[in-house]
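Residue numbers (the working numbering), protein chains in the order written: chain B, 2 to 417; chain P, 2 to 143.
Beta carbons: idealized from backbone N, C-alpha and C, even for Gly.
What follows is one structure encoded as structure tokens, with my remarks underneath.
Here it is, written out as structure tokens:
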């Protein structure tokens, strides 16, 4: 094996081992920033030794032991942390070099990783900071990769991560899996971050860095990890289901010219059937657990589309009922607008128009071009062409997307 | 990116001999690791080729040959489909499979939409493919 090959193999090992390594170290040193530094130190030692002697049988355990020895050195130099030193020394003494393979997947490790996810997604951090820190610590992405995926300069991300670690250290947060009443809110914060990462990738257009699209894969992977660690949480399975089903359409949602293709116009033979199956299975798990939260409901809507072999087969009655349930859980004019579209497909434009009229003055939708666009479409179908034309023109003036603008202008012209 | 880790057949797998309980347990632990790491998409074990068949097109006619097939080393006995970031990472997962003496695993990369850059495919080809899909992939009933 050449040195270069060895380095690449070691880096791949690090990607596999880093999350559990950082999680296990954070439990001992109680500082994610320090834990990450120790993990990287251990990687540097591995790069030197493994290139010469080959990769050990249990590389994860090797990295962990090496990192803990480094931590011990660090605390010996830093007398302020005497108590931590005791804990750590005990931890290393009781550590075995070659752990029982059954033990490596035990609850303690799972708890550490779950605690790390909850810490990285702590609500004291801004959603952007949570996303960057999660991708860095659990996804194992470099700051450069994160920066390119989010289309921001690398120093911005680097600084965001440094600040986030400092905030966490200063807040002195306990490193644990939240229990009781706190848990739901903290879990919602984790799910929000994963969905934010996913959507950042999902909104990428053709021609943009492929790394952006990889954010979808990364969010999915994090979601699957979380589902393994917290299998009793229906919303986790709901989010995984939602992401799997949405990701199944990635190949179908952009035309050869890069223009977005709407869901109902997509070539369904290009949908990834394996992701759909996985998504439907995750949704079933969520529903078996009694899930009726926002992610489960959104996944159920996505599943209705995924199950329809042709756009004409879509079960719009179920979709409008699901949107009604979603609007009851999370009141939002955007959800109402989506419900109106589903109701129009299920029961006709006359039933849907009052739903749109009821949200016409919602402050959140003031510059939302889809509101006049949907209203125009309903009026057009009802034969009220003059009113429809005015709505399409209003919508065309609101959108910044040139393709959409052209489409709306042509629809306005159709009304005359 | 997706990779398939293909398990090659062995005289034992072709004879329909079930793996030892130790191996089954080790495989279970390995699968658990893949799941915990969030990389496992699918995994299946295949029965002996005696339970399958081969279909070949020759001079415009289809010939069906029932198994078993002789060339054990060329047969496959199962696979994992994983979603990882690089071939190196996929290789690391291959190395963690509980191997048996003489066992061979083949690693293959799966084609994805990203392998076909949008502008490398001509409009004409896309239209043709769309027509082909239209003609061949319509549900037979309904």
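>> Between the alpha carbons of residue 197 (chain B) and residue 375 (chain B), how many angstroms are there, rounded?
In response: Here residue 197 (chain B) refers to the residue found at position 196 when the first chain is read from its first residue. Here residue 375 (chain B) refers to the residue found at position 374 when the first chain is read from its first residue. Distance between the alpha carbons of residue 197 (chain B) and residue 375 (chain B) is about 26 Å.
> Mind checking residue 367 (chain B): buried by the 16 CB within 10 Å criterion, or exposed?
Replying inline: Indexing the first chain from 1 puts residue 367 (chain B) at position 366. Burial call: exposed.
> With respect to the beta strand (DSSP E) encompassing residue 272 (chain B), which residues constitute its N-terminal and C-terminal limits?
Replying inline: Within the first chain, numbered from 1, the residue matching residue 272 (chain B) stands at position 271. Under the DSSP assignment, residue 272 (chain B) falls outside any beta strand (DSSP E); it carries neither an H nor an E label.
> What first and last residue would you give for the alpha helix (DSSP H) that runs through residue 244 (chain B)?
Replying inline: What you label residue 244 (chain B) is simply residue 243 of the first chain in a count that begins at 1. From DSSP, the alpha helix (DSSP H) with residue 244 (chain B) extends over 235-248.
> Along chain B, in chain order, which residues have C-beta atoms closer than 8 Å to that of residue 15 (chain P)?
Replying inline: Your numbering for residue 15 (chain P) matches position 14 in the second chain. Chain B residues near residue 15 (chain P): none, gap ~28 Å exceeds 8 Å.
> Can you give, in chain order, each stretch of the alpha helix (DSSP H) that sits fully within the region 351-415 of chain B and has at least 4 residues?
Replying inline: 371-382, 386-399, 403-415
> Around the C-beta of residue 135 (chain B), are 16 or more other C-beta atoms found within 10 angstroms, so that it is buried, or is it exposed?
Replying inline: Position 134 of the first chain, counted from the start, is the residue given in the question as residue 135 (chain B). So residue 135 (chain B) ends up on the buried side.
>> Is residue 104 (chain B) close to chain P? Criterion is C-beta to C-beta, closer than 8 Å.
In response: Walking along the first chain from the start, residue 104 (chain B) turns up at place 103. Only weak support is given to the placement of residue 104 (chain B): the predicted model assigns it a pLDDT of 44, under 50, and the question is left unresolved by the model.
>> Between which two residues does the beta strand (DSSP E) holding residue 65 (chain P) run?
In response: For the purposes of this step, residue 65 (chain P) is taken as the residue at position 64 of the second chain. Start and end: 62-67.
>> DSSP three-state label for residue 18 (chain B), please.
In response: For this step, residue 18 (chain B) is matched to residue 17 along the first chain. In the structure shown, residue 18 (chain B) falls within a helical segment according to DSSP collapsed to helix, strand and coil.
> Quick one: is residue 53 (chain B) near chain P, going by C-beta distance under 8 Å?
Replying inline: Sequence index remark: in the first chain, residue 53 (chain B) carries index 52 (1-based). At a cut-off of 8 Å, the C-beta of residue 53 (chain B) has no neighbouring C-beta in chain P.
> Taking the alpha carbon of residue 94 (chain P) as the point to measure from, which residue in P:72, P:31, P:68 has its own alpha carbon closest?
Replying inline: For the purposes of this step, residue 94 (chain P) is identified with residue 93 of the second chain, where counting begins at 1. With distances taken between Cα atoms, residue 94 (chain P) lies closest to P:31.
> Do you know how far the Cα of residue 232 (chain B) is from the Cα of residue 112 (chain P)?
Replying inline: Along the second chain, read from residue 1 onward, the residue named residue 112 (chain P) stands at position 111. Along the first chain, read from residue 1 onward, the residue named residue 232 (chain B) stands at position 231. Cα-Cα distance, rounded: 31 Å.
> Which whole-angstrom value is the C-beta distance of residue 81 (chain P) and residue 26 (chain P), which I expect to be below 8 Å?
Replying inline: For the purposes of this step, residue 81 (chain P) is taken as residue 80 along the second chain, with counting starting at 1. For the purposes of this step, residue 26 (chain P) is taken as residue 25 along the second chain, with counting starting at 1. No, residue 81 (chain P) and residue 26 (chain P) are not in contact; Cβ-Cβ is about 17 Å, not under 8 Å.
>> Does any residue of chain P have a CB that is nearer than 8 Å to the CB of residue 13 (chain B)?
In response: In the first chain, residue 13 (chain B) corresponds to position 12, counting from 1. Yes, because at least one Cβ of chain P sits closer than 8 Å to the Cβ of residue 13 (chain B).
> Rounded to the nearest angstrom, how far is the Cβ of residue 144 (chain B) from that of residue 158 (chain B), given a contact under 8 Å?
Replying inline: As a working note, residue 144 (chain B) is residue 143 in the first chain. As a working note, residue 158 (chain B) is residue 157 in the first chain. 5 Å between Cβ atoms; contact.
> Given that residue 275 (chain B) touches chain P, what residues does it touch there, using C-beta distances under 7 Å?
Replying inline: Residue 275 (chain B) sits at position 274 when you count from the first residue of the first chain. Annotation: Cβ neighbours of residue 275 (chain B) in chain P (cutoff 7 Å, chain order): 42, 43.
> Which ranges does the alpha helix (DSSP H) cover as unbroken runs of at least 4 residues, wholly within the region 261-328 of chain B, from first to last along the chain?
Replying inline: 274-289, 295-308
>> If distances are taken between C-alpha atoms only, which option among P:86, P:40, P:10, P:37 comes closest to residue 50 (chain P)?
In response: As a position in the second chain, residue 50 (chain P) is number 49, starting the count at 1. Comparing Cα positions, the closest option is P:10.
> Does the region 16-33 of chain B touch the region 170-179 of chain B, meaning 3 or more C-beta pairs lie closer than 8 Å?
Replying inline: With a cut-off of 8 Å, the region 16-33 of chain B and the region 170-179 of chain B count as touching, because enough Cβ pairs lie within range.
> For residue 74 (chain B), which three-state DSSP category applies?
Replying inline: As a working mapping, residue 74 (chain B) is identified with position 73 in the first chain. Three-state result, residue 74 (chain B): helix.
> Rounded to a whole number of angstroms, what is the C-alpha to C-alpha distance between residue 19 (chain B) and residue 291 (chain B)?
Replying inline: As a position in the first chain, residue 19 (chain B) is number 18, starting the count at 1. As a position in the first chain, residue 291 (chain B) is number 290, starting the count at 1. Whole-angstrom Cα-Cα distance: 34 Å.
> Can a CB atom of chain P be found closer than 8 Å to the CB of residue 239 (chain B)?
Replying inline: The residue you call residue 239 (chain B) lines up with position 238 of the first chain. No, its Cβ sits nowhere closer than 8 Å to a Cβ of chain P.
> Span of the alpha helix (DSSP H) holding residue 96 (chain P)?
Replying inline: Residue 96 (chain P) sits at position 95 when you count from the first residue of the second chain. Per DSSP, residue 96 (chain P) belongs to the alpha helix (DSSP H) from 88-96.
>> Less than 8 Å between CB atoms is the rule here; does residue 62 (chain P) satisfy it with respect to chain B?
In response: As a working note, residue 62 (chain P) is residue 61 in the second chain. Answer no: the Cβ-Cβ gap between residue 62 (chain P) and chain B never drops below 8 Å.
> Hey, out of B:230, B:239, B:160, whose CA is closest to residue 193 (chain B)'s CA?
Replying inline: Position 192 of the first chain, counted from the start, is the residue given in the question as residue 193 (chain B). Checked all of B:230, B:239, B:160; the closest Cα to residue 193 (chain B) is B:239.
>> Given a cut-off of 8 Å on the beta-carbon distance, is the pair residue 410 (chain B) and residue 389 (chain B) in contact?
In response: For the purposes of this step, residue 410 (chain B) is taken as residue 409 along the first chain, with counting starting at 1. For the purposes of this step, residue 389 (chain B) is taken as residue 388 along the first chain, with counting starting at 1. Taking 8 Å as the Cβ cut-off, residue 410 (chain B) and residue 389 (chain B) do not qualify as a contacting pair.
> Among all the DSSP beta bridges, which residues are the ones paired with residue 80 (chain P)?
Replying inline: Your numbering for residue 80 (chain P) matches position 79 in the second chain. Residue 80 (chain P) has P:7, P:45 as its beta-bridge partners, per DSSP.
> Helix or strand or just coil, what does DSSP make of residue 106 (chain P)?
Replying inline: If you number the second chain from 1, residue 106 (chain P) lands on position 105. Looking at residue 106 (chain P) - three-state DSSP - the assignment turns out to be strand.
> Which residues in the same chain as residue 399 (chain B) place their Cβ atom closer than 8 Å to its Cβ, once the five residues preceding and following it in sequence are excluded?
Replying inline: Counted from its first residue, the first chain places residue 399 (chain B) at position 398. So the list reads 368, 369, 370, 373, once near-sequence residues are dropped.
> Would you report the Cα separation of residue 191 (chain B) and residue 248 (chain B), rounded to the nearest angstrom?
Replying inline: The residue given as residue 191 (chain B) occupies position 190 in the first chain. The residue given as residue 248 (chain B) occupies position 247 in the first chain. If I take the Cα positions, the gap works out to 19 Å.
>> Please list, in chain order, the residues of the region 213-232 of chain B that have any C-beta partner in chain P closer than 9 Å.
In response: Within the region 213-232 of chain B, the residues whose Cβ lies closer than 9 Å to some Cβ of chain P are 214, 215, 218, 219, 221, 222, 223, 224, 225, 226, 227, 228, 229, 230, listed in chain order.
>> Only counting the same chain, and skipping five residues up and downstream in sequence, which positions put a Cβ closer than 7 Å to that of residue 340 (chain B)?
In response: The count along the first chain starts at 1 and reaches residue 340 (chain B) at position 339. The residues are 321, 324, 325, 328, 356.
> What residue from B:172, B:52, B:277, B:353 has the CA that sits closest to residue 301 (chain B)'s CA?
Replying inline: Position 300 of the first chain holds residue 301 (chain B). Minimum Cα distance to residue 301 (chain B) is reached at B:277.
> Nearest-angstrom Cα distance between residue 153 (chain B) and residue 161 (chain B)?
Replying inline: Mapped onto the first chain, residue 153 (chain B) falls at position 152. Mapped onto the first chain, residue 161 (chain B) falls at position 160. In a straight line, the C-alpha of residue 153 (chain B) is about 11 Å away from that of residue 161 (chain B).
> What are the boundary residues of the alpha helix (DSSP H) that residue 174 (chain B) is part of?
Replying inline: By one-based count along the first chain, residue 174 (chain B) stands at place 173. Element bounds for residue 174 (chain B): n/a, residue is neither H nor E.
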